[in-house]
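Residue numbers (UniProt numbering): 19 to 381.
Glycine included, C-beta positions come from ideal geometry on N, C-alpha and C.
See structure below.
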Ligand code: F6P
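This is the structure:
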């Protein structure tokens, strides 16, 4: 059978285990030898006990766990040629020519570069007598398939990334809890949520929790935002509301690109409205805890589709990323999605927010 390896890279997210489990089980079902690569790309570079064969039973009882049981890391060694030579040798020694990478756009770009370098890297290993001609002939092509594991939902091409739904559950649970204490004391709370440069968690969290105001990077407010915010808060109080909830994405800025932080918002609310105000930074709570049903099933479906894509890959087929489109797990060209994701970041850096929102599309 074919050799397949699965790794998780970059920040962890809920549902990665479901995806890993699906890769292992569908791979074994189809007669493949499936390997875990532990600790992300670092494990691929280091080899040894970081690359172990998976069994059907080895992925039992992980679907409900948060994080990634095979570990994840941000790896510098893989960015160097010697690091990738070592990684390639470790794969070839085990007959692995198919790779499933679960991570963000950086991790998927790394996998694509590795794939492009592959034949040349094997030639170098033969010259260095680290692998044999026979091994080289057997492992002529490296097929890769990506899945996006991230709570941020910041990847172009997929409606949802693995982990986003669970993070939203954490956020609305936190807001609901805050609301009860805010109500008692007639307070205003500012909640900072994650998402890096993406406002998806903040926006959807705000809609689902009936927040009064939200700040997101994709729609920076005009410089006069404090007055607008205060009007809205006052209006809600006058309508009989005993509390206010404001959600701010960690990447939020104003039109000048100056960060809008929870502290800055608090200053405005206290100075202008004299409201009793508190800040809660949700932090890594959003990335922890058990995955939602949605993320478990999303991981299962994407993992299964990734293995199918690898089984059907031919030497000249392009690498795919498995995405959710509508309610379908589909394969999209990996690098086109990565390029689009990078174009969003560029548009935002250049303050072309309309372009960024357009490019990001449904996700
Ligand atoms: O990309 C996921 C994410 O949780 C972001 O929302 C956040 O900005 C970042 O990772 C935090 O990274 P770290 O876990 O390295 O502190």
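Using C-beta distances below 6 Å, list every residue in its chain close to residue i, excluding the 5 sequence neighbours before and after it, in chain order.
i           : result
residue 331 : 161
residue 122 : 28 and 168
residue 303 : 188
residue 95  : 63 and 101
residue 2   : The question about residue 2 has no answer here: the residues shown for the chain are numbered 19 through 381.
In this structure, what does DSSP give as the bridge partners for residue i?
i           : result
residue 207 : 263 and 296
residue 256 : Answer is none; residue 256 lacks a bridge partner.
residue 277 : 271
residue 346 : 343
residue 231 : 264
residue 70  : 54
Tell me the residue span of the alpha helix (DSSP H) that contains residue i.
i           : result
residue 360 : 352 to 367
residue 320 : 311 to 329
residue 343 : No alpha helix (DSSP H) contains residue 343, which is instead part of the beta strand (DSSP E) from 338 to 343.
residue 45  : 34 to 47
residue 121 : Here residue 121 belongs to no alpha helix (DSSP H); instead the beta strand (DSSP E) covers 114 to 121.
Between the alpha carbons of residue i and residue j, how many angstroms are there, rounded?
i           : j           : result
residue 291 : residue 299 : 22 Å
residue 39  : residue 322 : 9 Å
residue 218 : residue 177 : 11 Å
residue 363 : residue 210 : 21 Å
residue 367 : residue 270 : 12 Å
residue 337 : residue 234 : 33 Å
residue 132 : residue 174 : 22 Å
residue 207 : residue 296 : 5 Å
residue 376 : residue 74  : 43 Å
residue 3   : residue 61  : With the chain represented from 19 up to 381, any question about residue 3 goes unanswered, as that position is not in the structure.
residue 107 : residue 58  : 16 Å
residue 80  : residue 41  : 13 Å
residue 216 : residue 374 : 10 Å
residue 166 : residue 280 : 29 Å
residue 305 : residue 144 : 43 Å
residue 360 : residue 93  : 20 Å
residue 293 : residue 227 : 21 Å
Within the same chain, show all residues whose beta-carbon is closer than 8 Å to that of residue i, passing over the 5 residues directly before and after it, in chain order.
i           : result
residue 272 : 238, 239, 240, 241, 243 and 278
residue 286 : 244, 247 and 248
Note down, in chain order, each residue of its chain lying with its Cβ closer than 7 Å to the Cβ of residue i, except the 5 sequence neighbours on either side.
i           : result
residue 119 : 25, 27, 125, 126, 129, 162 and 164
By the DSSP assignment, the beta strand (DSSP E) with residue i in it spans what residues?
i           : result
residue 21  : 21 to 26
residue 54  : 51 to 55
residue 168 : 161 to 168
Is it true that the region 146 to 161 meets the region 186 to 196, where meeting means three or more beta-carbon pairs spaced less than 8 Å apart?
no
For the structure I just gave you, are there three or more beta carbon pairs, one from the region 219 to 230 and one from the region 307 to 322, closer than 8 Å?
no
For the 8 Å Cβ check, are there 3 or more pairs between the region 20 to 36 and the region 83 to 90?
yes
Does the count of Cβ pairs from the region 66 to 82 and the region 37 to 55 closer than 8 Å reach three?
yes
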